[in-house]
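Chains as they are written, first to last, in the numbering used here: chain A, 10 to 329; chain B, 31 to 475.
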């Protein structure tokens with residue numbers, strides 16, 4: 010018996026290991042193959058192309074860092090990058106709005122809150138190009154927005170041309186983006202808020218904390234991770250904004266061409282593939298820098314708020 | 031044995047001389063020497079490869095008409111959907127007698143097609159003969175032609191008191207101002223938002239602005255500061271200046287950022303728009319627009335630039351017909367007669383709304399205002415420089431006639447917002463162009 014006992018577990022162990030390995034390899038092979046084929050090889054090629062002066066059909070030779078230098082020295086590219094600031098400002102407003110709606114809809118027992126959630130989330134489900142066409146008519150002179158504003162008594166002459174006026178047209182475009190993504194942010198926040206232990210609110214209410222204090226001391230620290238995620242996605246999304254400017258702004262006309270649109274024009278109109286690849290690399294570097302900077306920033310800020318929260322909690326416990 | 035060989039050799043020589051002599055005898059007449067109504071007993075079979083799959087009845091009607099004169103000539107049309115590729119693959123075969131000439135190399139034309147005559151003689155009688163000619167010999171005759179000008183609404187022009195069509199940029203701007211003052215129509219609709227409709231302005235910087243058919247493909251790549259003011263309202267500068275001035279003086283649509291291409295068609299038709307700068311292909315679309323009440327008001331005029339007292343219109347032939355060099359003598363001759371008949375008797379170009387190929391032929395109503403205006407088609411690039419223009423286009427990022435819509439849109443923006451002078455814009459273009467010339471090591475003349 011003892012002989013069998015000592016051998017059997019060994020065999021079983023080995024068999025399981027082989028199976029495990031085979032399964033792991035088989036399951037990993039397909040996605041890895043696809044990932045390498047469609048992501049890493051093209052990415053490597055993109056890095057390579059960015060050092061060449063080339064079109065789709067012709068390679069005119071190695072140019073070193075020339076393509077990169079052009080990105081930073083041509084004022085039109087720098088201007089295009091600065092357009093992202095509009096979208097970042099929009100992202101901040103969008104997150105604040107989403108957080109507001111999420112808190113209100115989670116904290117208060119509002120009748121028909123499901124309907125509100127659905128209405129606010131709906132724009133996210135609409136295709137970006139369709140949203141573009143909706144807003145094109147929305148902003149056209151004398152159409153939807155102008156009619157509504159005239160309805161509340163503002164004369165047409167006092168209204169700006171939403172897309173023609175270069176002082177406000179980028180804000181008009183940013184609004185379409187806020188309108189689309191606000192609902193999605195809100196749903197993510199609601200999910201995070203729902204995971205907070207409801208007894209905490211009860212305890213806070215008993216302690217006499219008002220809604221604002223509850224929001225600050227319970228909700229905000231509780232949804233820290235999701236908040237960070239939303240913020241990073243929104244900011245990186247602002248850096249690579251494309252759809253609003255392409256569809257509503259007529260392919261980036263009238264000073265709405267974001268950096269992403271410039272890349273598109275470079276690659277597909279002028280067919281300077283090398284230059285476009287360098288621009289894409291710069292964009293990626295920018296997104297990386299922003300992401301890391303945000304993480305570092307919030308590691309310190311959130312650590313502080315967390316420690317104050319913990320301190321307050323400890324204080325509360327001690328008092329209890 | 032030796033005798034036998036020499037005999038065979040002798041026979042061969044005699045035969046070859048005989049065949050040479052017979053070929054000499056049967057030299058094909060040139061296209062201009064063909065007289066319809068001669069050789070009516072000609073017997074041949076013609077296989078005609080063509081791309082117009084939309085009009086088989088019309089084409090078979092032509093065959094029936096032609097056979098009233100030449101009853102023994104059989105003509106069979108083969109209408110092909112993916113014509114350009116199909117024709118290019120078959121051009122070296124013997125399974126066709128006449129075809130629309132596909133994009134073959136010009137120095138190979140004589141290998142595939144029968145020479146129709148000298149360019150000098152034929153271009154005196156027919157339009158657009160140069161596009162498929164090589165070394166002064168023509169190998170194809172166009173089916174019909176197109177010309178580029180400006181669409182306008184005749185009723186609005188009359189209401190604005192414009193009795194003579196504008197011939198210079200100054201007259202054109204004055205006409206737009208008259209439209210603005212005296213009618214409710216938008217003087218010049220830019221179609222800014224669609225993009226490609228703005229790039230359409232590039233079509234006028236060659237022939238229409240300079241009167242030279244060599245400008246676009248041969249001169250522009252080597253030109254020094256091509257966008258500088260010529261001082262006499264000609265040249266590329268004058269073309270875009272019209273657009274800038276119109277935008278600066280409020281002669282364009284109010285909210286240009288939200289224009290709608292489909293919506294503009296009935297607007298021109300109904301007189302809500304006075305002018306649009308587009309090729310002649312757009313004429314039928316505007317005339318037959320859904321919701322358009324006044325098709326008779328849609329008019330077409332030459333681009334308002336005059337060079338030494340003369341206006342020019344950029345024009346081009348449609349597909350050219352060529353005859354198979356490998357066909358028999360009778361087939362070639364019968365094909366000549368049929369092409370002559372198509373050009374002179376069929377009325378094909380007229381019914382298609384095109385520029386007539388026969389210089390004596392009638393123009394459709396569309397070109398009523400093109401009387402006395404020279405129609406020229408862009409000459410090809412010089413040998414060895416076939417890709418030069420496209421390389422300069424890419425390098426300068428200006429992309430003339432190649433999707434460079436953004437630069438034309440910017441003219442409208444700066445004109446309207448008064449935030450950059452037109453001369454500054456053109457100076458920027460000149461800089462971009464000369465930098466591109468330098469980096470591609472192009473000789474600047």
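Backbone N, C-alpha and C define an ideal beta-carbon position, used for all residues, glycine too.
- Ranked by Cα distance from residue 237/A, the first of 299/A, 292/A, 185/A is 299/A.
- In this model, residue 208/A and residue 186/A are separated by some 37 Å (Cα to Cα).
- In summary, the residues of the region 209-230 of chain B whose CB is separated from some CB of chain A by less than 8 Å are 222, 223, 224, 225, in the order they occur in the chain.
- Cβ-Cβ distances below 7 Å link residue 189/B to 212, 213 in the same chain, with the five nearest sequence neighbours on each side left out; the list follows chain order.
- Closer than 8 Å to the CB of residue 72/A there is not a single CB belonging to chain B.
- Around residue 92/B, no beta-carbon contact reaches into chain A at under 7 Å, the shortest distance being about 41 Å.
- A direct Cα-Cα distance of roughly 38 Å separates residue 391/B from residue 423/B.
- Here residue 205/A carries a coil assignment [DSSP, helix/strand/coil].
- Nearest Cα to residue 217/B within the set 205/B, 330/B, 434/B, 77/B: 205/B.
- Here DSSP, grouped into helix, strand and coil, assigns residue 347/B to strand.
- Fully enclosed alpha helix (DSSP H) runs of no fewer than 4 residues occupy 50-58, 75-82, 84-91, 93-116 of the region 41-129 of chain A, in order along the chain.
- Residue 279/A and residue 428/B have their C-alpha atoms spaced approximately 8 Å apart.
- Shown in chain order are the members of the region 141-171 of chain A whose Cβ falls below 7 Å from a Cβ of chain B: 145, 148, 149, 150, 170.
- The three-state secondary structure of residue 280/A, taken from DSSP, is coil.
- Within the same chain, 445 come within 6 Å of residue 278/B by CB-CB distance, once the 5 residues on both sides are set aside.
- Boundaries of the beta strand (DSSP E) around residue 331/B: 328-331.
- Secondary structure of residue 390/B (DSSP, three-state): coil.
- Residue 150/B places its beta carbon less than 8 Å from that of residue 166/B.
- Boundaries of the beta strand (DSSP E) around residue 217/B: 216-218.
- At a beta-carbon threshold of 7 Å, none of the residues of chain B lie near residue 289/A; the nearest stands roughly 17 Å away.
- Spanning the alpha carbons of residue 121/A and residue 193/A requires a straight line of approximately 19 Å.
- Taking a cut-off of 8 Å for Cβ pairs, the region 394-412 of chain B and the region 338-345 of chain B touch, as three or more such pairs fall below it.
- Of the residues 381/B, 385/B, 284/B, the one whose Cα lies closest to the Cα of residue 176/B is 385/B.
- Among the residues of the region 53-86 of chain A, those with a Cβ less than 7 Å away from any Cβ of chain B are 64, in the order of the chain.
- Residue 199/A and residue 126/A do touch by the CB rule: their CB atoms are close to 7 Å apart, below 8 Å.
- Residues of the region 376-404 of chain B whose Cβ lies closer than 7 Å to any Cβ of chain A: none.
- Residue 210/B and residue 143/B have their C-alpha atoms spaced approximately 54 Å apart.
- With respect to the C-alpha of residue 78/B, the residue from 379/B, 354/B, 454/B having the closest C-alpha is 354/B.
- About 5 Å separates the CB atoms of residue 328/B and residue 317/B; that is less than 8 Å, so the two are in contact.
- With contact defined as three or more Cβ pairs closer than 8 Å, the region 98-114 of chain B and the region 355-369 of chain B are in contact.
- Beta-bridge analysis with DSSP links residue 341/B to 336/B.
- Closer than 8 Å at the C-beta level to chain B, one finds no residue of the region 221-233 of chain A.
- Counting only the Cα atoms, residue 67/A lies some 11 Å from residue 417/B.
- Taking the CA atoms as reference points, residue 463/B sits about 5 Å from residue 426/B.
- In summary, residue 86/B is exposed, with fewer than 16 beta-carbon neighbours lying within 10 Å of its beta-carbon over all protein chains present.
- At the C-beta level, residue 396/B and residue 310/B come within 8 Å of one another.
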